[in-house]
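In what follows, a structure is listed as C-alpha cells, so that the remarks can point back to it.
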Amino acid sequence: MPVLLLWLAAGCGGAGSDDTASYAVGEQDVATDGGTWTVHWAPSPDPIPLNEVFSIDATVLDGSGAPVVDASLVANAGMGSHGHGMNTVPETTAGGDGTFLIEGMLFHMTGAWQITFDITQGDQLERATAEVTCCATP
Ligand SMILES: [Cu+2]
Numbered sequence: 005m006p007v008l009l010l011w012l013a014a015g016c017g018g019a020g021s022d023d024t025a026s027y028a029v030g031e032q033d034v035a036t037d038g039g040t041w042t043v044h045w046a047p048s049p050d051p052i053p054l055n056e057v058f059s060i061d062a063t064v065l066d067g068s069g070a071p072v073v074d075a076s077l078v079a080n081a082g083m084g085s086h087g088h089g090m091n092t093v094p095e096t097t098a099g100g101d102g103t104f105l106i107e108g109m110l111f112h113m114t115g116a117w118q119i120t121f122d123i124t125q126g127d128q129l130e131r132a133t134a135e136v137t138c139c140a141t142p
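Here the numbering used here is used: the first residue of the sequence shown is 5, the next is one more, and so on.
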C-alpha cells in the first residue's frame, strides 16, 4: 500500500494537498549567495514533521564538487513572511570532512520556511538559503 499512496501523491499532489509525500524534501543542492560553494543537504526525518525536532545532514562542496574540509557552518531557519525564527537553537557538529550534522531544528508552524546555511572559510562568509514548505500534519 505505501507504493500506491506514493503514486497517488505524485499524480494528484498539488497546492493545498496534505499528503505526507508531497512534503518530502529529498536531497537538495543550494548555492551560496556568492557562488563559491554548494550546500548539499537533506532533512531527517523526511518529510519534516510539524512541531517535532529534526536534523539535517549537510555537505559543503566547492566549485568542482569536492568537499570543503576547513569551512565552518552555522544553520538557522525562520519564516520570512511572518518575521520570526525558530524557538530552538540548533547545534552543528562538523565531521571534519566537509560534512555537518545539524541537530535541534524544529518547525512550530505550517507554511513557508527558509533554512539558512552560513558558511565561513577564513575571512570569507557566504549564505545558502533553502525554501521548505512545512509540514505534513500527523
Ligand atoms: Cu510563522
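Glycine is no exception: its CB is placed at the ideal position from the N, C-alpha and C atoms.
Check: Neighbourhood of residue 120 by C-beta, 6 Å cutoff - its chain only, sequence neighbours within 5 removed; Outcome: 80, 131 and 133
Check: Neighbour-count burial assignment, residue 138, 16 or more Cβ in a 10 Å radius; Outcome: buried
Check: Per-residue burial, residue 36 [other beta carbons within 10 Å of its own, 16 or more giving buried]; Outcome: buried
Check: Boundaries of the beta strand (DSSP E) in which residue 34 is found, first to last residue; Outcome: 32-35
Check: Residues near residue 107 in its chain [Cβ-Cβ closer than 6 Å; skip 5 each side]; Outcome: 59 and 95
Check: Status (buried if at least 16 other CB within 10 Å, exposed otherwise) for residue 49; Outcome: exposed
Check: Length of the line joining the Cα atoms of residue 83 and residue 122; Outcome: 17 Å
Check: Distance, residue 126 Cα to residue 38 Cα; Outcome: 15 Å
Check: Cα-Cα separation, residue 169 to residue 115; Outcome: Since the first residue of the chain shown is 5 and the last is 142, residue 169 is not available in this structure.
Check: One or two residues paired with residue 58 in a DSSP bridge; Outcome: 109
Check: Residues bridged to residue 71 [DSSP beta-bridge criterion]; Outcome: 65
Check: Outcome for residue 70 when other beta-carbon atoms lying within 10 angstroms are tallied against a minimum of 16; Outcome: exposed
Check: Environment of ligand 1 in chain order, Cβ to heavy atom below 6 Å; Outcome: 83, 86, 88, 113 and 115
Check: Between the CA atoms of residue 54 and residue 10 - distance to the nearest angstrom; Outcome: For residue 10, the pLDDT reaches just 43, beneath the cut-off of 50, and the residue's location in the model is therefore unreliable, leaving the point undetermined.
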